[in-house]
Ligand SMILES: Nc1ncnc2c1ncn2[C@@H]1O[C@H](COP(=O)(O)OP(=O)(O)OP(=O)(O)O)[C@@H](O)[C@H]1O
Ligand SMILES: [Mg+2]
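In my numbering, the protein residues as written are 143 to 576.
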């Protein structure tokens, strides 16, 4: 045992390996350089493997990589020993290291065999890529469906609310509208009666004369018909509003129908009327209608109104933002400089025209903040919004896109920062497919 230990570390029994090369300097150096380089590379590979295992903790065959590392380190050490034994013939030590290398490599080879089928079964990067794209597609579809559901729900609640209110207002308004005429007739009769009394008896009791003066009967006779006619006008206006509200909700028209889309635009504007009036010193939003002579359009009227609503709402948002101060410095000037503010005239222009025998075009343009090219590219993406959390869902435009698509039409957006935005909707007069 003692001898073996001595043999391990002494070099007296053997001659150095350099003798085999006859100490030819070129041969010795070539061996030194080659073995050292091999050892260096062999030591660096395990560092890379350990780093990989450390970073990819989820990698399934970590231990085999570590075994490879140990195997390569021991191989590298045998090469270092080859350099050492050129001068120091510690062949027992170098043989022992080779022996360890043999054991590790044998163990690695045996351990590798059973994991080869498992490794083959692992999905290839191409398969993973395909699965990933499939998942992305499904996710996009899900997002679209979710967006549609949320928006449909929103619009259907709004539609129901509007239809409910319209229905509730309709009854009392028809009482007023129907009775105001009768009240007018009755008051005329009553005034005639009073006139007859006054003619018949010139000596009215003092008490009555005083009362006639107190209430200013002449003025009442003159003013009451005017009041009644303004009540009649008011009732007429409410009836028209009710009609517009019903037009807007069009709950009864889930099926496609031939409609005048100007009615849809007008009733949507009516719903948004209170948003067009701005607060403070800012000028109200002006609506400029340039309606062409359109035929009736076959469409899903409720859904088309939803598109108008989404676009107009966005335009109003941007115009209000411009009035209060866009994030964009030039528009800020509009409010910091009073003169500019006076000149700032928020507008929404709605133009409609027949494009050809098959199609019509609706352009909705605002002179608001506009959008950068990057934002314009994204506006039809579901959930894309630049509005603060809670104030925009980012669904309006993506739903509008889907609705116009469903009508076999196209919707485009052209926007110039600080100048405004134009939405161009092109839809067929006769819907082709659902
Ligand atoms: N007329 C416009 N002027 C400037 N930006 C606009 C205009 N229309 C749309 N945008 C931009 O496009 C984004 C997406 O609009 P979209 O209507 O889809 O969502 P939203 O208005 O943010 O939220 P909501 O779902 O409540 O409508 C908006 O956040 C806004 O940045
Ligand atoms: Mg919107």
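Quick reminder that beta carbons are idealized off the backbone N, C-alpha and C, glycines included. For clarity, every value in this text was computed on a predicted model and none was experimentally measured.
By Cβ distance, which residues of its chain are closer than 7 angstroms to residue i, with the 5 residues on each side in sequence left out?
i	result
residue 254	206
residue 401	438, 439, 441 and 443
residue 522	539, 540 and 543
residue 290	541 and 544
residue 573	398, 440, 441, 549 and 550
residue 233	156 and 227
Rounded to whole angstroms, what's the CA-CA distance from residue i to residue j? Just pull it up for me.
i	j	result
residue 273	residue 195	25 angstroms
residue 470	residue 511	Bear in mind that a pLDDT of 44 at residue 470, under 50, signals an unreliable position, so the number given afterwards is only what the model happens to contain. Distance between the alpha carbons of residue 470 and residue 511 is about 8 angstroms.
residue 407	residue 387	11 angstroms
residue 491	residue 546	20 angstroms
residue 321	residue 374	9 angstroms
residue 252	residue 214	16 angstroms
residue 239	residue 211	16 angstroms
residue 553	residue 538	13 angstroms
residue 351	residue 340	10 angstroms
residue 549	residue 442	8 angstroms
residue 247	residue 267	29 angstroms
residue 519	residue 389	33 angstroms
residue 417	residue 425	12 angstroms
residue 435	residue 302	31 angstroms
residue 372	residue 366	10 angstroms
residue 460	residue 446	22 angstroms
residue 489	residue 200	58 angstroms
residue 271	residue 513	35 angstroms
residue 494	residue 307	30 angstroms
residue 486	residue 305	36 angstroms
residue 551	residue 192	59 angstroms
Tell me which residues share the same chain as residue i and place their Cβ nearer than 6 angstroms to its Cβ, disregarding the 5 neighbours each side in the sequence.
i	result
residue 318	377
residue 143	Any reading at residue 143 must be qualified, since the residue scores a pLDDT of 49, below 50, and its modelled position is unreliable; the value itself is stated next. None.
residue 184	214, 217 and 218
residue 451	410
residue 159	227 and 228
residue 509	489 and 562
If I follow the unbroken beta strand (DSSP E) through residue i, where does it start and stop?
i	result
residue 493	489 to 496
residue 563	562 to 570
residue 400	399 to 401
residue 531	No beta strand (DSSP E) holds residue 531; DSSP gives it neither H nor E.
residue 588	An answer regarding residue 588 cannot be provided, because it is not within the stretch 143 to 576 covered by the chain.
residue 360	From DSSP, residue 360 is part of no beta strand (DSSP E) but of the alpha helix (DSSP H) over 359 to 391.
residue 429	428 to 432
residue 157	Looking at the DSSP string, residue 157 is not in any beta strand (DSSP E), and its letter there is neither H nor E.
residue 555	552 to 558
With residue i as the anchor, note down where its alpha helix (DSSP H) starts and where it stops.
i	result
residue 225	204 to 226
residue 310	267 to 342
residue 237	233 to 263
residue 177	167 to 197
residue 506	Segment 501 to 508 is the beta strand (DSSP E) holding residue 506; no alpha helix (DSSP H) there.
residue 574	No alpha helix (DSSP H) contains residue 574, which DSSP labels as neither H nor E.
residue 541	538 to 548
residue 517	515 to 520
residue 418	415 to 418
Could you name the residues of the same chain whose beta carbon sits closer than 8 angstroms to that of residue i, not counting the 5 residues immediately before and after it, in chain order?
i	result
residue 359	336
residue 399	440, 441, 442 and 443
For residue i and chain B, any beta-carbon pair shorter than 8 angstroms?
i	result
residue 373	Note that chain B does not occur in the displayed structure, where there is just one protein chain.
Go through the residues and name those whose CB comes closer than 5 angstroms to any heavy atom of ligand 2, in chain order. Here the list is 456 and 538.
Assess contact between the region 424 to 433 and the region 522 to 538, defined as three or more Cβ pairs (one per stretch) separated by less than 8 angstroms. Is contact present? No, the region 424 to 433 is not in contact with the region 522 to 538.
Do three or more CB pairs link the region 503 to 521 to the region 566 to 575 at distances below 8 angstroms? With a cut-off of 8 angstroms, the region 566 to 575 and the region 503 to 521 count as touching, because enough Cβ pairs lie within range.
Sufficient close CB pairs (3 or more, under 8 angstroms) joining the region 325 to 335 to the region 291 to 298: Cβ pair count under 8 angstroms is below three, so no.
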